[in-house]
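Reading through the structure tokens given below for one structure.
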Amino acid sequence: MELLEILECSPPLAREPLSAEQAAGVARVFKALGDPVRLRILSIVASRAGGEVCVCDITDAFELSQPTISHHLKVLKDVGLLTSERRASWVYYRLVPETLGELSALLTVPATV
113 MELLEILECS PPLAREPLSA EQAAGVARVF KALGDPVRLR ILSIVASRAG GEVCVCDITD
173 AFELSQPTIS HHLKVLKDVG LLTSERRASW VYYRLVPETL GELSALLTVP ATV
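Count along the sequence shown from 1, add 112, and you get the number used in the numbering used here.
Structure follows, in structure tokens:
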């Protein structure tokens, strides 16, 4: 089952417990977000006007090697938080708003809790 499908099928945590499969899928996303570099990359992409960032701009924001940045971008893409598009020799990254929306819905706490 795809991660976005798992998130879409997951009830808010305060309403009912997650199944083992749902918990494993959601944990992959939180594990990806648990790394400070990946969290910063996501923040850079999310805050960019126009909603996309060239990999060259992401790499310039860190004192890390290009292969390390590429690894972090791959992890974020694998869990469905980012998508990419190659244009000539550069790759541009964009958020996947549906995944962030589903994560947000999962963590929503009703006012009565």
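All C-beta atoms in this analysis are idealised placements derived from N, C-alpha and C, irrespective of residue type, glycine included. Small disclaimer: the values here were computed from a predicted structure and weren't measured.
Relative to the Cα of Leu185, the nearest Cα in the group Gly213, Glu128, Leu207 belongs to Leu207. Burial check for Glu214: the Cβ neighbour count within 10 Å reaches 16 or more, so the residue is buried. Rounded to the nearest whole angstrom, the C-alpha separation of Leu151 and Gln178 is 17 angstroms. One thing to note: Ala144 has its Cβ within 7 angstroms of the Cβ of Leu188. Here the alpha carbon of Arg127 sits roughly 21 angstroms from the alpha carbon of Glu210. With at least 16 other beta carbons inside 10 angstroms of its own, Val191 counts as buried. Classified as exposed, Val221 has fewer than 16 neighbouring CB atoms from the shown chains inside 10 Å of its CB.
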